[in-house]
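Q: For reference, the structure I am asking about is given below.
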Amino acid sequence: METKLAIFYVLAAFTLWAAGIVVLGKNIVRAAVALIFAFCGVAGLYVLLEAEFLAAVQVLIYVGGITILLLFAIMLTSRIGATAARVVNDQVVLSAIAGVGLLAGLCYAALEGIPALVGPPRLPETSPFLGRALLTTYALPFEVVSVLLLAGMVGAIVLARKES
Amino acid sequence: MIPLSHFLILSAILFSVGVFGALTRRNAVAILMSIELMLNAANLSFVAFARYLPQTQLQGQVFAIFVIAIAAAEAAVALAIVLGLYRNFKTVNVDEINLMKW
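Set out below in structure tokens:
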């Protein structure tokens with residue numbers, strides 16, 4: 308039990324450290340690499356929550372897909388190695404107030420609004436369950452998301468194509 | 009067992025960090041990265057609730073899969089828009105792009 312709690316704290320600190328670099332880092336490539344670490348930290352937390360399939364999906368899609376896409380966009384639009392003179396706009400103070408306010412509200416809701424749930428001691432096997440649920444109960448949302456993804460890909464190609 | 013509130017507060021901190029980044033960063037790609045952080049924070053809450061709710065239906069995990077799929081579509085479209093911005097303005101700093109601002 309204590310081990311799990313210790314692992315949670317380590318993973319949480321790691322994730323928040325990486326997220327801090329993503330948000331405050333001066334070099335955009337470093338921010339993107341820190342994003343990889345943040346995603347890996349969240350994947351570790353998924354394992355801690357017994358969501359092994361989602362942890363694998365997180366690593367495959369976020370770390371392997373989305374981050375590479377982001378790095379491509381960075382390399383096509385910025386000079387690598389250049390540290391921007393100013394990474395934040397003029398709204399830093401207002402944004403910090405908004406962020407802290409939101410954090411306070413969310414923490415209040417998490418501590419006061421939700422009863423202390425315990426949950427079952429162990430989850431059943433998640434992967435077979437998820438596969439069955441996606442093709443039976445959630446078949447329609449699954450198809451809708453597929454069409455959305457296809458439309459997004461086609462739209463991305465159309466938008467990024469050179470106009471001739 | 010780790011209390012549920014630990015996960016919820018971590019998710020809240022991660023979400024707030026993402027909000028701060030999305031509101032303050034100048035680089036459009038960095039804003040996108042902050043939004044991905046926020047989506048991850050929401051996913052973390054979903055998965056935590058899927059683990060801690062008494063019935064083991066795992067709707068939270070199914071929902072998290074949908075969120076990941078939509079995040080992928082969003083990233084692809086947003087990066088295409090960033091490339092288009094760069095082609096037209098030679099910059100991706102959003103506070104220098106004010107064509108549609110009156």
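Protein chains in written order, with my numbering: chain A, 308 to 471; chain B, 9 to 110. Every residue gets a Cβ at the ideal spot worked out from N, C-alpha and C, and that includes glycine. As the structure is a prediction and not an experimental result, all values here were calculated from the model.
1. Could you check how far apart the C-beta atoms of A/Q365 and A/F379 are, in whole angstroms? I think they sit under 8 angstroms.
2. Spell out whether any CB of chain A is found under 8 angstroms from the CB atom of B/L107.
3. Should B/R33 go down as buried or exposed, given a rule of 16 or more other Cβ atoms within 10 Å for buried?
4. Do you know how far the Cα of B/F23 is from the Cα of B/V70?
5. Please name the residue or residues paired with B/V102 in a DSSP beta bridge.
6. Would A/G371 pass as an interface residue toward chain B - the criterion being a Cβ-Cβ separation below 8 angstroms?
7. Whole-angstrom Cβ separation of B/I78 and A/V452, contact assumed at under 8 angstroms?
8. Give a yes or no on whether the minimum CB-CB distance between A/V354 and chain B is below 8 angstroms.
9. So, is A/Y415 buried or exposed, given that buried needs 16 or more other C-beta atoms within 10 angstroms?
10. Here's the rule: buried if 16 or more other CB atoms are within 10 angstroms of the residue's CB, otherwise exposed. What is B/V25?
11. Measure the CB-CB distance between B/N35 and B/N101 and report whether it falls below 8 angstroms.
A: If we stick to the structure as given:
1. Actually they are not in contact, since the Cβ atoms of A/Q365 and A/F379 sit about 20 angstroms apart, beyond 8 angstroms.
2. Interface flag for B/L107 against chain A is unset, since no Cβ pair is found closer than 8 angstroms.
3. The residue in question, B/R33, is buried, as its Cβ has 16 or more Cβ neighbours within 10 Å.
4. When rounded, the distance between both Cα atoms is 20 angstroms.
5. None, per the DSSP bridge assignment.
6. Residue contact check for A/G371 against chain B: no CB pair falls below 8 angstroms.
7. Approximately 7 angstroms separates the beta-carbon atoms of B/I78 and A/V452; this is inside 8 angstroms, confirming the contact.
8. No, no contact with chain B.
9. With fewer than 16 neighbouring CB atoms inside 10 Å of its own CB, A/Y415 falls in the exposed class.
10. B/V25 is buried by the Cβ-count criterion.
11. Cβ distance < 8 angstroms, so B/N35 and B/N101 count as in contact.
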